[in-house]
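Working notes for the structure below.
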Amino acid sequence: MGVPADMPADSADPTQSPAADGTAAGDRGAGAGSEPGSSEPARSGEPTLPVAAVARRLGVAPATLRTWDRRYGVGPSAHTDGKHRRYAPGDVARLEVMQRALLSGASTAEAARYARDCEVTIDAARSAPEPGAAAGAEPGAGTAVADDRERTSRLARKLSAAAFALDARAVHRILDETLDAEGPLVGFDEVLTPVLAAMRGGWEGARAGVEAEYVLVECALLAFARATSSVERPSNHHPVLLVSAQQVRHNVALYALAAGLSARSVDTLVLGSAVPPETLVTIARRSVPSAMVVWDQGSSGVGRDLVTRLARSKQRSRVFTWGPGWDAAELPGTVEHLGTAQEVTDRVTYVLTGSPGEPLGAGLRASADEG
Numbered sequence: 001m002g003v004p005a006d007m008p009a010d011s012a013d014p015t016q017s018p019a020a021d022g023t024a025a026g027d028r029g030a031g032a033g034s035e036p037g038s039s040e041p042a043r044s045g046e047p048t049l050p051v052a053a054v055a056r057r058l059g060v061a062p063a064t065l066r067t068w069d070r071r072y073g074v075g076p077s078a079h080t081d082g083k084h085r086r087y088a089p090g091d092v093a094r095l096e097v098m099q100r101a102l103l104s105g106a107s108t109a110e111a112a113r114y115a116r117d118c119e120v121t122i123d124a125a126r127s128a129p130e131p132g133a134a135a136g137a138e139p140g141a142g143t144a145v146a147d148d149r150e151r152t153s154r155l156a157r158k159l160s161a162a163a164f165a166l167d168a169r170a171v172h173r174i175l176d177e178t179l180d181a182e183g184p185l186v187g188f189d190e191v192l193t194p195v196l197a198a199m200r201g202g203w204e205g206a207r208a209g210v211e212a213e214y215v216l217v218e219c220a221l222l223a224f225a226r227a228t229s230s231v232e233r234p235s236n237h238h239p240v241l242l243v244s245a246q247q248v249r250h251n252v253a254l255y256a257l258a259a260g261l262s263a264r265s266v267d268t269l270v271l272g273s274a275v276p277p278e279t280l281v282t283i284a285r286r287s288v289p290s291a292m293v294v295w296d297q298g299s300s301g302v303g304r305d306l307v308t309r310l311a312r313s314k315q316r317s318r319v320f321t322w323g324p325g326w327d328a329a330e331l332p333g334t335v336e337h338l339g340t341a342q343e344v345t346d347r348v349t350y351v352l353t354g355s356p357g358e359p360l361g362a363g364l365r366a367s368a369d370e371g
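Per full-length UniProt numbering, the sequence shown starts with residue 1, numbered consecutively.
Next up, the structure:
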C-alpha cells in the first residue's frame, strides 16, 4: 500500500472527480491566452475557493497544496496582486486528477505532470480515465470497477481528512463505514493503504503527517479487531501464523488480514510488531502453524533471512510473503510472494481448504451429496 521518495504527497487516493481544465498549470505564468499549455484564469463571476477550503475538500494540509503549487505547478491559475490566491473550479478539478494519480501509485512528479496534461473538462471529471487505463475496452465493461473505485476513493478522502484533523471519532466512524460496506480486505487494500502510503511519504514534509498516521493506525487496529470474527469451527487444525519481518511501529496490515481470514473460517495467530526474529522462529517451531504469512513494509536483509529460516524449518509449513518490502527474486523457491490482502486471503484459504471461500470439508460434502 512503498511510496515515492519525492513526495509532498496528498491524502492520496484516487479522488473522485478527476478533471482538469485542459491546461498546464505549470505554464500559467505565460498569460491568459488560449495557447496550448497555457492556463485560463477564472472567468468573471466564477466561484473560487481559498486554500483552506480546498485542503478540507481534498483531505490534505494547506501546506501540501502550497508545495504542489510551488514545486510542481499545480495550483491556482489566476492571482491578483495584494490578494491571497484562490482556486477556480478547474484548478480544484486538476488537483483531484493529481490526487487520483497519486493513489494509483504514481510519484508526486508523475501525478502532477499527468494532472497538468490531462484534457478533461470539469463536467466530465467523474468519468475521467485513470492514468494508464486500458484502451479499447468494451463500452460499459469497466463501469462497475469504476464505480467501486469511485466509492473507495471517496472513503479514502474522507478518512485522510479526518486523520489530518486528528478527529478520532470521525476516523472511527469512517473506518466502521468502510469495513461494513467493503469488508476488511478491500478496506485495507483500497482505502487505508493509499492513505497510509501518502502519510509515510511525508505529505507536507512536516510533523502533521506523522501525527495523523498515529491517530489513524490506532483507530484502524481497533476497527479491524472488531471486524475479526470468532472462529468457532476453524477450517485449519493449527492457526496460520501472521508475523512481521521487522520490528515496526505497528502491524495493522496483519490485523486486517486476520479479519479477512476469519471470515473464511481460518484461525490465525497474530504476533506483535516487536517480536525479535529468533523468537519468531522458535514460536513457529513449537506451534506448528498450518501456514505462515510474513509481512514486510520496507526492504531489509532481516526479512529475507527470516523467511529462509522459516522455510527450512522441520514443520515445512507453507510460507507466504506479503508487502512492499520484498524482492520476490531473492526469496527461496518454496516461498510464495503475494501482492494484496485479498490475494493472501484467497491463496491461503485455497491452500488450506481447496476452496477460496469454503471451510474445510465443504467441497467433500458437496461431492458426496452429488454422488
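In this text, a Cβ means the ideal position worked out from N, Cα and C, and glycines have one as well.
Helix, strand or coil at residue i [DSSP, three-state]
i, result
"Glu150", "helix"
"Thr340", "coil"
"Ser287", "helix"
"Arg318", "strand"
"Trp295", "strand"
"Ser262", "helix"
"Ser235", "coil"
"Val243", "strand"
"Thr353", "helix"
"Thr268", "strand"
"Gly252", "Correcting the residue type first, residue 252 is Val in the shown sequence and not Gly. Here Val252 sits in helix by DSSP."
"Val335", "strand"
"Leu166", "coil"
"Glu130", "At Glu130, the pLDDT of 47 sits below 50, so the modelled position is not reliable; the number obtained from the coordinates is stated separately. Reduced to three states, the DSSP call for Glu130 is coil."
"Val275", "coil"
"Ser313", "coil"
"Thr228", "coil"
"Pro194", "helix"
"Asp327", "coil"
Residue i versus residue j - alpha carbon distance
i, j, result
"Gly354", "Asp327", "28 Å"
"Ser244", "Leu175", "23 Å"
"Ala341", "Leu221", "15 Å"
"Trp295", "Leu241", "11 Å"
"Val171", "Phe224", "13 Å"
"Arg149", "Leu155", "10 Å"
"Pro89", "Arg71", "21 Å"
"Ala256", "Gln247", "18 Å"
"Ser313", "Gly339", "24 Å"
"Leu58", "Val215", "19 Å"
"Glu278", "Asp305", "11 Å"
"Leu162", "Glu336", "Sequence check: residue 162 is Ala here, not Leu. Taking the straight line joining both Cα atoms gives about 37 Å."
"Ala258", "Ala78", "50 Å"
"Arg286", "Arg309", "14 Å"
"Leu352", "Pro47", "58 Å"
"Gly303", "Asn251", "15 Å"
"Val92", "Asp69", "12 Å"
"Leu179", "Arg173", "10 Å"
"Arg66", "Tyr87", "12 Å"
"Asp117", "Ser262", "45 Å"
"Glu330", "Trp322", "14 Å"
"Thr345", "Arg249", "23 Å"
"Val307", "Gly298", "15 Å"
"Ala253", "Ala109", "28 Å"
"Gly325", "Arg318", "19 Å"
"Ser107", "Arg200", "13 Å"
"Arg316", "Thr282", "14 Å"
"Asp167", "Val186", "23 Å"
"Asp189", "Gly260", "11 Å"
Residue i, buried or exposed, once every other Cβ within 10 Å from all chains shown has been counted against 16
i, result
"Thr64", "buried"
"Ser230", "exposed"
"Pro234", "buried"
"His84", "exposed"
"Ser210", "The sequence given here places Val at residue 210; Ser does not occur at that position. The residue in question, Val210, is exposed, as its Cβ has fewer than 16 Cβ neighbours within 10 Å."
"Ala115", "buried"
"Pro76", "buried"
"Gly333", "exposed"
"Glu232", "exposed"
"Ala111", "buried"
"Arg169", "exposed"
"Arg157", "buried"
Nearest-angstrom Cβ-Cβ length linking residue i and residue j, presumed shorter than 8 Å
i, j, result
"Val191", "Glu182", "7 Å"
"Leu102", "Ala198", "7 Å"
"Arg100", "Ser153", "7 Å"
"Val51", "Leu95", "Not really, about 11 Å apart at Cβ, beyond 8 Å."
"Ala227", "Pro184", "5 Å"
"Ser273", "His238", "With 8 Å as the limit, Ser273 and His238 do not qualify as a contact, their Cβ atoms being about 23 Å apart."
"Thr349", "Arg264", "5 Å"
"Val293", "Phe320", "5 Å"
"Leu280", "Leu271", "7 Å"
"Val74", "Met98", "6 Å"
C-beta neighbour in chain C for residue i, strict 8 Å
i, result
"Ala291", "Protein chains in the displayed structure number just one, and chain C is not present."
Subject >> Length-filtered (4 minimum) alpha helix (DSSP H) runs lying within the UniProt domain "HTH merR-type" (48-117) >> reply: 51-58, 62-72, 89-103, 108-117
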